[in-house]
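Chemist: My questions will all concern the structure given below.
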Amino acid sequence: MYDFVVVGAGPAGSRFSRRAAERGYDVLALERGAVGKPLACSGHVSTDIWEFTPEGAREELLQNEVYGARFHVGGPDSDDYPFYKREVVSNVIDRVGLDELLAEAARDAGADLRENHSVSLVEEHPDRVEVTASTPDGTETFEARMVAGCDGPVSRVRSELGLPEPGEKLQGVLAFSDEDDPGDYVDVHLTAPRFFAWRIPRGESGVEYGLAAPPGSDPSAKELFDEFTAEYDTETSHFCAGMIPVGPADSVTSRRGFLIGDAAAQTKPFTGGGILYGMTAASHAAKVIDPERPGTLLDYEEAWREDLHREIELGHWIRKCYSLPERVQKVGLSAFSGEIGVHMDKPTSFFSTEHLKKLLSGS
1 MYDFVVVGAG PAGSRFSRRA AERGYDVLAL ERGAVGKPLA CSGHVSTDIW EFTPEGAREE
61 LLQNEVYGAR FHVGGPDSDD YPFYKREVVS NVIDRVGLDE LLAEAARDAG ADLRENHSVS
121 LVEEHPDRVE VTASTPDGTE TFEARMVAGC DGPVSRVRSE LGLPEPGEKL QGVLAFSDED
181 DPGDYVDVHL TAPRFFAWRI PRGESGVEYG LAAPPGSDPS AKELFDEFTA EYDTETSHFC
241 AGMIPVGPAD SVTSRRGFLI GDAAAQTKPF TGGGILYGMT AASHAAKVID PERPGTLLDY
301 EEAWREDLHR EIELGHWIRK CYSLPERVQK VGLSAFSGEI GVHMDKPTSF FSTEHLKKLL
361 SGS
């Protein structure tokens, strides 16, 4: 009998596994395939990422430092509106390497993390959960006091527990070129319906191109992506695709189960990124959930929502600006472009004293 079975060993799952193991709990983590593969997420993150990683991670994973973003309402040749800081705003990292490093940290803390274990069934009982998975040795069933669903936007655990779906899912696509681009700005194009396309320089590691759009859009996300990269006159490889959940449901907990990360739609509505939000929620879960006291699941619901609800709510409002008429976008971007005091993971920072000073000074 484990204390927790954790389904999924991405950043959220590995973070929870590590923290729960450090608190003395018996943790089994199951990853469907190999940790970090296939890649389905951008490697552009805020500098806060290093607060969640073991010592030495920055030196191992860092690919580039970013000081700002150029916003466009058209293609590469359209006018750009720069937003920047005088210090590093964000980092570009080895995304697969991040997953591998966080999984190893969970193992080092005492979690039993097993790859190539694909969960097919989750059954809740009054005193335990049973998690059935296909493994290299055949089908196995594991018992635990609680199950943590950290298995991404199309979560098997969420489905098995009967928990509600995220408010929305977007289709994300990305790929990479082998361009050597030492630039320190990302390019954001407000050209995809209800979202955007991006170009992220990764130094000697090439350039990442990506785009997200609602499923079923016409043209499709893949067709829009092909048009986008054609405008940049570039060839890409290592194409990746995945769903981006937006909008957490009213509940991410059941009797003996809970969701973290993309499975819980703990993401930024205005970028789709969820690494920091997911790991933040994982830390709350490990701190407050007692596997022998199901009532503590409510403490988790309260803790992560108190921390992230306002940021997510403001993120929805920012995203609405992506669908404004082009002329309105240009006026807004022109008015607010320049030096900023905004944190890329915290929309509330738009109202910070630092940022308001930047706006009032006309910088």
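Read left to right, the sequence shown gives residues 1 to 363 (our numbering).
Every residue gets a Cβ at the ideal spot worked out from N, C-alpha and C, and that includes glycine.
List the DSSP bridge partners of isoleucine 340.
Modeler: Isoleucine 340 pairs with nothing; no bridge assigned.
Chemist: Quick one: residues in its chain with C-beta nearer than 6 Å to the C-beta of alanine 249, no 5 flanking neighbours on either side, listed in chain order?
Modeler: Same-chain partners within the cutoff: Pro164.
Chemist: Quick check on DSSP: helix, strand or coil for lysine 37?
Modeler: Three-state DSSP puts lysine 37 in coil, outside helix and strand.
Chemist: I'd like to confirm the pairing. Which residues does DSSP put opposite arginine 293 in its beta bridges?
Modeler: Paired residues: Asp290.
Chemist: Using CA atoms only, rank isn't needed, just tell me which of Arg194, Arg19, Trp317, Glu301 is closest to serine 323.
Modeler: When only C-alpha atoms are compared, the closest one is Arg194.
Chemist: How about proline 294 and arginine 256: are their beta carbons less than 7 Å apart?
Modeler: Yes, they are a contact pair.
Chemist: Can valine 92 and glycine 149 be called in contact, C-beta distance under 7 Å?
Modeler: No, these two residues do not count as a Cβ contact at 7 Å.
Chemist: Look up phenylalanine 239 in the DSSP assignment and say whether it is helix, strand or coil.
Modeler: Strand.
Chemist: According to DSSP, glycine 203 sits in a beta bridge with which residue or residues?
Modeler: Asp181, per the DSSP bridge assignment.
Chemist: Inspect the beta-carbon positions of alanine 69 and phenylalanine 83 and report whether they are closer than 7 Å.
Modeler: Yes, they are a contact pair.
Chemist: With DSSP as the reference, label isoleucine 318 as helix, strand or coil.
Modeler: Isoleucine 318 falls in the helix class under three-state DSSP.
Chemist: Under 6 Å Cβ to Cβ from threonine 364, same chain only, skipping five residues before and after it: list those, please.
Modeler: Past the boundaries of the shown model lies residue 364; the chain is included only from 1 to 363, so the question cannot be answered.
Chemist: Please confirm whether serine 337 and tyrosine 81 have their CB atoms less than 7 Å apart.
Modeler: Cβ atoms of serine 337 and tyrosine 81: closer than 7 Å.
Chemist: For the alpha helix (DSSP H) that alanine 230 lies in, which residues bound it at each end?
Modeler: Here the alpha helix (DSSP H) through alanine 230 covers 221-231.
Chemist: Can the beta-carbon of proline 396 be found less than 7 Å from the beta-carbon of valine 246?
Modeler: Residue 396 lies beyond the residue range present for the chain, which begins at 1 and ends at 363; the question has no answer from this structure.
Chemist: Might you give, ordered along the chain, the residues of its own chain that have their beta carbon closer than 8 Å to the beta carbon of glutamate 354, omitting 5 neighbours on each side?
Modeler: Correct list, in chain order: Gly341.
Chemist: Along the beta strand (DSSP E) that carries alanine 405, what are the first and last residues, could you check?
Modeler: What the structure shows of the chain is the stretch from 1 to 363, and residue 405 is not part of that stretch, so it cannot be assessed.
Chemist: Would you check if there are 3 or more beta carbon pairs closer than 8 Å linking the segment 104-116 to the segment 8-23?
Modeler: Segments in contact, yes.
Chemist: Please name the residue, chosen from Asp345, Gly332, Ser14, that lies closest to histidine 316 on a Cα-to-Cα basis.
Modeler: Measuring from the Cα of histidine 316, the nearest candidate turns out to be Asp345.
Chemist: Following the continuous beta strand (DSSP E) through phenylalanine 90, name the residue where it begins and the one where it ends.
Modeler: One detail in the question is off: residue 90 reads as serine in this sequence, not phenylalanine. Its beta strand (DSSP E) spans residues 90-93.
Chemist: With DSSP run on the structure shown, which of helix, strand or coil describes glutamate 302?
Modeler: Of the three classes helix, strand and coil, the one that applies to glutamate 302 here is helix, per DSSP.
Chemist: I need the DSSP call for aspartate 151, collapsed to helix, strand or coil.
Modeler: Here aspartate 151 sits in coil by DSSP.
Chemist: Contact check, cysteine 240 vs alanine 29 under 8 Å by CB: the rounded distance?
Modeler: 23 Å between Cβ atoms; not a contact.
Chemist: Measuring only between beta-carbons, confirm whether tryptophan 50 sits less than 7 Å from chain D.
Modeler: Considering every chain present, this structure includes no chain D. It has just one protein chain.
Chemist: Excluding the 5 residues preceding and the 5 following leucine 190 in the sequence, name in chain order all residues of the same chain whose CB lies nearer than 8 Å to its CB.
Modeler: So the qualifying residues of the chain are Phe71, His72, Val73, Phe196, Tyr322, Gln329.
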